[in-house]
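Engineer:
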Amino acid sequence: MKLSTKSAISTALLFTICTVSHALVASPIPRGGLGQQQESVPNQQVGHDVNLQTERADGRGSVKNAATTSSRKTGVSLPKAQSIAMKHSLMLTGGIMAALIGMGATGNGLDLNTLHWNGGDEFMSLFDISATSSRFAAGVVSAVPLIYLGEQIDTSDSREANQVVFGQTDSVMTLFGRRKHAEQTVGGGSHPTLAPETPMIHVLVLASLMSVGAGISNELVFRGVLPSLVDMQVHSVALAWMLQSIVYGLAQMDSKASTGENKIIVGQGMVGGAWLGLVYLLAGGDLLPSIIAHSLNNMHDDVRTWMKINSQMDYSEEAVLKRLSDDDRQELQEVSRDVALNAEALTFANRFFYAFDYDHEGALSKSNVRRAMSYAFLKDEKQPSNDRVDELFDKLVMERKTRKFPLDRIRLPEFIRMLFMLKANPV
-7 MKLSTKSAIS
3 TALLFTICTV
13 SHALVASPIP
23 RGGLGQQQES
33 VPNQQVGHDV
43 NLQTERADGR
53 GSVKNAATTS
63 SRKTGVSLPK
73 AQSIAMKHSL
83 MLTGGIMAAL
93 IGMGATGNGL
103 DLNTLHWNGG
113 DEFMSLFDIS
123 ATSSRFAAGV
133 VSAVPLIYLG
143 EQIDTSDSRE
153 ANQVVFGQTD
163 SVMTLFGRRK
173 HAEQTVGGGS
183 HPTLAPETPM
193 IHVLVLASLM
203 SVGAGISNEL
213 VFRGVLPSLV
223 DMQVHSVALA
233 WMLQSIVYGL
243 AQMDSKASTG
253 ENKIIVGQGM
263 VGGAWLGLVY
273 LLAGGDLLPS
283 IIAHSLNNMH
293 DDVRTWMKIN
303 SQMDYSEEAV
313 LKRLSDDDRQ
323 ELQEVSRDVA
333 LNAEALTFAN
343 RFFYAFDYDH
353 EGALSKSNVR
363 RAMSYAFLKD
373 EKQPSNDRVD
383 ELFDKLVMER
393 KTRKFPLDRI
403 RLPEFIRMLF
413 MLKANPV
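See below:
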């Protein structure tokens, strides 16, 4: 189990190359908050399809956006896509270089096809990508637990999980852009959605290519080269499996994320890495099922997120056009006077409200409100706890003058009142 000086140095070099290369590939999570979007990055999770830095409301209530003057024919950010592809290529090159250095240092020759760590003589070359039906089926089945893990984070009410999801949605929408830009009218004025549009086929093709690239580079380095060299030196499949999952998880860490967010990001990476390593072992030393599973999971995440957020944005745009009930309109006027809301702020609050109405009920559940407040206070030093949000939710419901509204949801005026109450006293 002792490592020579050369082996220790090569292992340390491998760990460094793998971690730094993956960190280059990882897209930073855009930071924002209520009214604090990144430059030229629309707040997609909020469903606010107009960049707040260029937004204005005229006397008729129309909203105009400089983004609609763009001459691009697709919403896809090609420079961003090219940058990600280049970084995956660099990561793959770095991993192969590390493998050659590690194999040379341990005196095992330079034949990369001999790399394996399943503890047996029967294995598939890391570079054998001939997709038979059995290998493909194994990869598809292996993607299911990864997708399930992502769904648990996506549907969680945890503030940290919500912030991770906000980062993912902003990143996906920045890359792929808006799905369509049908013009609608608001009070006689034009209300365009974000332009230019992105056809579905563009997203499917680009997401497929990027997902396959990520699957190959990540799996070859983290489930192929790294554990193979560890096993070559210490002759322990268990240690190789454990180390690759830990290093892979730590490589996901985001320097701009909070401690709570990084716990989720790193934890998800470690669990995913452990599972994909186990897939390799169960496949008898075959890396292709892990590559397929990784690629399918990434594609599912990107396409599902893009479709979900676009659908929510479409709903939000339609919902703000609907006429308010007499009760809501009267109460909204009272709230506007109490908190001194101008027309522009009221327009944004209206969109913000419907962006989190995931059930399309015209009112928000506690879970919806928790997510909305997580985003609203994303940049604030003091953030209200879920208990504080639930307390105000129940208080507003109980203080209603009428009982004709559902007790498990709050309406737009109540939501705006809660938002400003929390802004004044978050804890």
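Each residue of the sequence shown is one higher than the one before, counting from -7 in the numbering used here.
Quick reminder that beta carbons are idealized off the backbone N, C-alpha and C, glycines included.
Going by other Cβ atoms of all chains shown within 10 Å of its Cβ, with 16 needed for buried, is residue 140 buried or exposed?
Structural biologist: If you number the sequence shown from 1, residue 140 lands on position 148. Classification for residue 140: exposed.
Engineer: What are the partner residues of residue 356, as DSSP defines its beta bridges?
Structural biologist: Residue 356 sits at position 364 when you count from the first residue of the sequence shown. Its beta-bridge partners are 402.
Engineer: Just to confirm, is the Cβ distance from residue 481 to residue 167 under 8 Å?
Structural biologist: This structure gives no information on residue 481, because the portion of the chain shown stretches from -7 to 419.
Engineer: Opposite residue 189 in the DSSP bridges: which residues?
Structural biologist: Position 197 of the sequence shown, counting from 1, holds the residue named residue 189. The partner list for residue 189 (beta bridge, DSSP) reads 170.
Engineer: In chain order, what residues of the same chain have a beta carbon less than 8 Å from the beta carbon of residue 169, not counting five sequence neighbours either side?
Structural biologist: Translated into positions along the sequence shown, residue 169 becomes position 177. The answer, listed in chain order, is 66, 67, 68, 69, 186, 188, 189, 190.
Engineer: In angstroms, rounded to a whole number, what distance separates the CA positions of residue 359 and residue 378?
Structural biologist: Here the question's residue 359 lines up with position 367 in the sequence shown. Here the question's residue 378 lines up with position 386 in the sequence shown. Using only the alpha carbons, I get a separation of about 9 Å.
Engineer: Give me the Cβ distance between residue 411 and residue 368, rounded to the nearest whole Å; I'm assuming they're in contact under 8 Å.
Structural biologist: As a first step, residue 411 is located in the sequence shown; it is residue number 419 there, counting from the start. As a first step, residue 368 is located in the sequence shown; it is residue number 376 there, counting from the start. Yes, they are in contact, since the Cβ atoms of residue 411 and residue 368 sit about 6 Å apart, within 8 Å.
Engineer: Near residue 110, which residues of its chain fall below 6 Å by C-beta distance, leaving aside the five closest residues on each side in sequence?
Structural biologist: For the purposes of this step, residue 110 is identified with residue 118 of the sequence shown, where counting begins at 1. Excluding sequence neighbours, residue 110 sits near 273, 277.
Engineer: In the structure shown, what three-state DSSP assignment does residue 424 receive?
Structural biologist: Lying before the first or after the last residue shown, residue 424 is absent from the chain, which here runs from -7 to 419.
Engineer: Alpha carbon to alpha carbon, how far is residue 357 from residue 400? Give it in angstroms, no decimals.
Structural biologist: For the purposes of this step, residue 400 is taken as residue 408 along the sequence shown, with counting starting at 1. For the purposes of this step, residue 357 is taken as residue 365 along the sequence shown, with counting starting at 1. Distance between the alpha carbons of residue 400 and residue 357: 6 Å.
Engineer: Are residue 209 and residue 83 closer than 8 Å when you measure CB to CB?
Structural biologist: Residue numbering aside, residue 209 sits at position 217 when the sequence shown is read from its first letter. Residue numbering aside, residue 83 sits at position 91 when the sequence shown is read from its first letter. A contact, by the Cβ cut-off of 8 Å.
Engineer: Distance, Cα to Cα, residue 124 vs residue 271?
Structural biologist: Along the sequence shown, read from residue 1 onward, the residue named residue 124 stands at position 132. Along the sequence shown, read from residue 1 onward, the residue named residue 271 stands at position 279. C-alpha separation (whole angstroms): 16 Å.
Engineer: If the criterion is Cβ atoms closer than 8 Å, does the pair residue 241 and residue 261 meet it?
Structural biologist: If you number the sequence shown from 1, residue 241 lands on position 249. If you number the sequence shown from 1, residue 261 lands on position 269. It is a contact, given that the beta carbons lie within the stated cut-off.
Engineer: Does the Cβ-Cβ distance between residue 130 and residue 281 come in under 8 Å?
Structural biologist: Here residue 130 is taken as the residue at index 138 of the sequence shown, counted from 1. Here residue 281 is taken as the residue at index 289 of the sequence shown, counted from 1. Result yes, Cβ atoms of residue 130 and residue 281 sit closer than 8 Å.
Engineer: Alpha carbon to alpha carbon, how far is residue 223 from residue 158? Give it in angstroms, no decimals.
Structural biologist: Taking the sequence shown and counting its residues from 1, one reaches residue 158 at position 166. Taking the sequence shown and counting its residues from 1, one reaches residue 223 at position 231. Their backbone Cα atoms lie some 38 Å apart in a straight line.
Engineer: Assuming residue 80 contacts residue 206 (C-beta within less than 8 Å), just tell me the rounded distance between them.
Structural biologist: If you number the sequence shown from 1, residue 80 lands on position 88. If you number the sequence shown from 1, residue 206 lands on position 214. Confirmed, Cβ separation roughly 6 Å.
Engineer: For the alpha helix (DSSP H) that contains residue 227, what are its first and last residues?
Structural biologist: Position 235 of the sequence shown, counted from the first residue, corresponds to residue 227. No alpha helix (DSSP H) contains residue 227, which DSSP labels as neither H nor E.
Engineer: Per the contact definition of three or more C-beta pairs closer than 8 Å, is the region 85 to 100 in contact with the region 246 to 260?
Structural biologist: Not touching, per the Cβ criterion.
Engineer: Check residue 245 in the structure and name its three-state DSSP category.
Structural biologist: Taking the sequence shown and counting its residues from 1, one reaches residue 245 at position 253. In this structure, residue 245 counts as coil in the three-state DSSP scheme.
Engineer: Just to confirm the assignment, what range does the alpha helix (DSSP H) spanning residue 378 have?
Structural biologist: Position 386 of the sequence shown, counted from the first residue, corresponds to residue 378. Counting along the chain, the alpha helix (DSSP H) containing residue 378 begins and ends at 378 to 390.
Engineer: If we call anything under 8 Å between Cβ atoms a contact, is residue 119 one with residue 104?
Structural biologist: Along the sequence shown, read from residue 1 onward, the residue named residue 119 stands at position 127. Along the sequence shown, read from residue 1 onward, the residue named residue 104 stands at position 112. Result yes, Cβ atoms of residue 119 and residue 104 sit closer than 8 Å.
Engineer: Identify, in the order they occur along the chain, each residue of the same chain with its Cβ nearer than 6 Å to the Cβ of residue 36, setting aside the five sequence neighbours on each side.
Structural biologist: Taking the sequence shown and counting its residues from 1, the one referred to as residue 36 is at position 44. Residue confidence for residue 36 is low, a pLDDT of 39 falling below 50, so the modelled location carries little weight; the figure read from the coordinates is stated next. Closer than 6 Å at Cβ, skipping near neighbours: 161, 162, 165, 301.
Engineer: Measure the alpha-carbon distance for residue 50 versus residue 337 and round it to whole angstroms.
Structural biologist: Here the question's residue 50 lines up with position 58 in the sequence shown. Here the question's residue 337 lines up with position 345 in the sequence shown. With a pLDDT of 31 at residue 50, under the threshold of 50, the modelled position of this residue cannot be trusted; read the value that follows with caution. When rounded, the distance between both Cα atoms is 13 Å.
Engineer: For the alpha helix (DSSP H) containing residue 144, name the first residue and the last one.
Structural biologist: On the sequence shown, position 152 is the one that residue 144 refers to. Residue 144 -> alpha helix (DSSP H) spans 125 to 146.
Engineer: How many Å lie between residue 306 and residue 195 at the Cα?
Structural biologist: To locate residue 306, count along the sequence shown from 1; it is residue 314. To locate residue 195, count along the sequence shown from 1; it is residue 203. If you take the alpha carbons of residue 306 and residue 195, they lie about 18 Å apart.
Engineer: In the DSSP assignment, find the alpha helix (DSSP H) that holds residue 324 and state where it starts and stops.
Structural biologist: If you number the sequence shown from 1, residue 324 lands on position 332. Element bounds for residue 324: 318 to 331.
Engineer: Apart from the five residues just before and just after residue 135, which ones in its own chain have a Cβ nearer than 6 Å to its Cβ?
Structural biologist: Indexing the sequence shown from 1 puts residue 135 at position 143. Answer for residue 135: 285, 288, 289, listed in chain order.
Engineer: I'd like to know whether the C-beta atoms of residue 211 and residue 283 end up nearer to each other than 8 Å.
Structural biologist: On the sequence shown, position 219 is the one that residue 211 refers to. On the sequence shown, position 291 is the one that residue 283 refers to. Cβ atoms of residue 211 and residue 283: closer than 8 Å.
Engineer: Looking at the structure shown, is residue 40 part of a helix, part of a strand, or coil, going by DSSP?
Structural biologist: Within the sequence shown, the letter at position 48 stands for residue 40. At residue 40, the pLDDT of 35 sits below 50, so the modelled position is not reliable; the number obtained from the coordinates is stated separately. In the structure shown, residue 40 sits in a strand (DSSP, three-state: E or B).
Engineer: For residue 202, count neighbouring C-beta atoms within 10 Å of its own C-beta (all shown protein chains included) and say buried if the count is 16 or more, exposed if not.
Structural biologist: Position 210 of the sequence shown, counted from the first residue, corresponds to residue 202. The residue in question, residue 202, is buried, as its Cβ has 16 or more Cβ neighbours within 10 Å.
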